[in-house]
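Asker:
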Amino acid sequence: MLNIISRSILFKNVSGPKKVVENLIKGLDKLGYPYVINKRLDACKRLWIHDDAVALKKIASLPPEIKVIVGPNLYNLPKNVPRNLDLKRVVYLQPSSWSKECWQYFGFNKCPLDIWPAGIDTNEFKPSNERKEFVLVYFKQRFNNELGIVREILESKNTTYRIIDYVKRYKESDYKALLSKSRYIIWLGRQESQGIALQEAMASGVPILVWDVKYMGYWQVSEKDAAIFNEEEKNYQNTTSAPYFDDSCGIKIKDASELEKAIDFMEKNLDKFQPRKYILENLSLEKQAKEFILLYQKHFGLSYEDGFKERLLRSGDWLNNKFYYIIYLKLKHLIKVILIKTRVFNFIK
């Protein structure tokens with residue numbers, strides 16, 4: 196049995212962190228593996244603190260039989276982890292090898308790190324029989340001159356295209372509708388520790404031309420967001436927009452000079468790509484849910500099979516399951532959304 200501690204799951208809006216927890220739950224359901232959500236921290240042997248920094252501060256006082264895995268949606272970088280936070284008894288998750296190596300490079304040594312990417316819902320995102328009408332350009336916080344280069348080349352080839360702009364926000368239903376009619380995608384995004392939206396496109400059977408980032412800070416930011424990285428972090432080069440990707444999914448480039456040839460290559464080889472097969476083999480819901488539970492066996496010796504038979508050790512709720520705290524979190528989240536929308540509007544202006 197697994198106790199899932201998550202704030203993201205409380206909110207209706209679609210987000211990467213919410214996808215992480217929801218897709219794990221879908222995978223656990225497929226496996227028939229028992230779990231509870233936001234129960235008291237010592238409710239069962241396996242505790243996962245997904246994104247709740249308040250819960251993280253309480254782990255030092257937990258009984259020794261409670262084994263703790265945390266992340267990945269807690270802190271952006273090692274410098275964001277409070278210095279006085281004791282993490283000796285936990286394993287901290289990173290979604291990809293590059294993000295794990297990044298944390299190690301910048302000095303994280305409070306606890307072991309391990310890699311676990313969330314699974315992708317291949318029933319929700321699957322190939323469509325609709326006629327493929329255009330190339331989709333996914334534009335996420337990259338530079339306008341780069342988008343201009345993409346436009347110019349596509350227009351010179353009389354290629355019909357559509358643009359989806361992450362900063363302007365979009366509904367998931369709109370994304371699905373665009374994917375259903377896309378011949379392929381030109382992905383012009385920032386660095387991603389996993390890249391769930393890109394993987395959902397792959398699950399939909401859409402090949403991808405990734406114009407990759409050159410370093411971690413290679414994206415257009417508002418004045419406030421610019422403070423996320425210091426100069427060394429910004430220039431960290433061992434990063435990518437697509438950490439789970441190979442030649443069967445499409446192609447990657449890094450320079451504008453490669454783009455036209457890459458587009459020609461995509462046009463000539465569309466039928467040869469198999470991005471959905473890559474997702475099914477590497478990031479299915481069942482596979483990733485099982486790999487998650489096996490982390491408790493790997494690091495703490497808790498048997499995967501025994502978990503199917505376990506029951507709650509103690510009853511009761513964590514804060515996230517208490518009505519007054521849920522109201523508080525939702526009000527806080529609403530204020531944050533309003534501030535983000537205001538910031539985005541000012542940034543676009």
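The numbering of the sequence shown is my numbering, which starts it at 196 and goes up by one.
Every residue, glycine too, gets a C-beta built ideally from N, C-alpha and C.
#1: Determine the closest residue to LEU475 out of GLU427, GLN289, LYS371, LYS321, with distance taken between C-alpha atoms.
#2: Based on the DSSP output, what are the partners of ASN198 in its beta bridges?
#3: Please list, in chain order, all residues of the same chain as PHE542 whose beta carbon is under 6 Å from its beta carbon, the five residues on each side excluded.
#4: Sort SER375, LEU272, ARG378, LYS335 by Cα distance to ILE359 and report the nearest one.
#5: Run through DSSP, which three-state label would PHE206 get?
#6: To the nearest whole angstrom, what separates the beta carbons of VAL330 and LEU383, a pair I think is in contact under 8 Å?
#7: Assign GLU234 to buried or exposed, taking buried as 16 or more other Cβ atoms, counted over all protein chains shown, within 10 Å of its Cβ.
#8: Answer with buried or exposed for ARG241, where buried requires no fewer than 16 other C-beta atoms within 10 angstroms of its C-beta.
#9: Per DSSP, what are the beta-bridge partners of ASP360 in this structure?
#10: Going by CA-CA distance only, name the one from TRP293, LEU197, VAL405 that's closest to GLY222.
#11: Reducing DSSP to helix, strand and coil, say where SER323 ends up.
#12: Taking 6 Å as the line, does the beta carbon of LEU514 fall inside it for any heavy atom of the ligand PLP?
#13: Exposed or buried, what is THR355 when buried is set at 16 or more other beta-carbons lying within 10 Å of its beta-carbon?
#14: Excluding the 5 residues preceding and the 5 following ASP246 in the sequence, name in chain order all residues of the same chain whose CB lies nearer than 7 Å to its CB.
#15: I need the boundaries of the alpha helix (DSSP H) containing SER294, first residue and last residue.
#16: With burial defined as no fewer than 16 other Cβ atoms inside 10 Å of the residue's Cβ, what is the status of PRO438: buried or exposed?
#17: Just how far apart, CA to CA, sit ASN274 and TRP293?
#18: Would you mind listing the alpha helix (DSSP H) stretches within the segment 411-481 that are 4+ residues and don't spill past its ends, in chain order?
Answerer: The structure says:
#1: LYS321
#2: Under DSSP, ASN198 takes part in a beta bridge, and its partners are VAL231, LEU242.
#3: Residue confidence is low: PHE542 scores 42 on pLDDT, short of 50, so the model does not pin down where it sits. No coordinate-derived value is stated.
#4: Cα-wise, what sits closest to ILE359 is LYS335.
#5: coil
#6: The beta-carbon distance between VAL330 and LEU383, rounded to whole angstroms, is 12 Å. This is too long to meet the 8 Å contact definition.
#7: Sequence inspection shows Lys at residue 234; the Glu mentioned does not correspond to that position. The residue is buried, with at least 16 neighbouring Cβ atoms inside 10 Å.
#8: buried
#9: Partner(s): PHE334.
#10: LEU197
#11: coil
#12: Among the components of this structure there are no ligands whatsoever, and the ligand PLP is therefore not found.
#13: exposed
#14: SER201, ARG202, SER203, PRO212, ASN268, LEU269
#15: 292-300
#16: buried
#17: Looking at the sequence itself, residue 274 is Lys, so the reference to Asn does not match. Each residue's CA atom was taken as its position, placing LYS274 and TRP293 some 17 Å apart.
#18: 426-429, 454-464, 470-477
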